[in-house]
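First comes the structure, then the notes that go with it.
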Amino acid sequence: MAKTSPKNRRRNARRKKREQRAAMRGEGSGIKTRNVVVLGMILRGQGSGSHGDAKKEANRKACRGKWKGDQ
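Position 35 (the sequence shown) corresponds to 35 in the working numbering; numbering is contiguous.
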């Protein structure tokens, strides 16, 4: 999986915040939750080896306070 550029990480963070604010106001769709059945299938590793939880890894490695905002 290719690394996301800093510009796109900031864009994605802004989009996520915008969607969260809209969900708080009751507009649009709510925040998505993990489907535990599908997650269990992914982690069980059927097929050619276990590949882990990609979404959890992406969240763990995201920004980590490096981005200070548009200043």
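Here a beta-carbon is modelled for each residue, glycine too, at the ideal position from N, C-alpha and C.
Give me the Cα-Cα distance between residue i and residue j, rounded to the nearest whole angstrom.
| i | j | result |
| --- | --- | --- |
| Ala-58 | Arg-44 | 19 Å |
| Asn-8 | Ala-62 | 12 Å |
| Arg-15 | Ala-2 | 20 Å |
| Asp-53 | Ile-42 | 7 Å |
| Thr-33 | Lys-55 | 12 Å |
| Gly-40 | Pro-6 | 31 Å |
| Thr-4 | Lys-17 | 18 Å |
For residue i and residue j, which I take to be in contact (beta-carbon distance under 8 Å), what is that distance rounded to the nearest angstrom?
| i | j | result |
| --- | --- | --- |
| Gly-26 | Glu-19 | About 13 Å; that fails the 8 Å criterion. |
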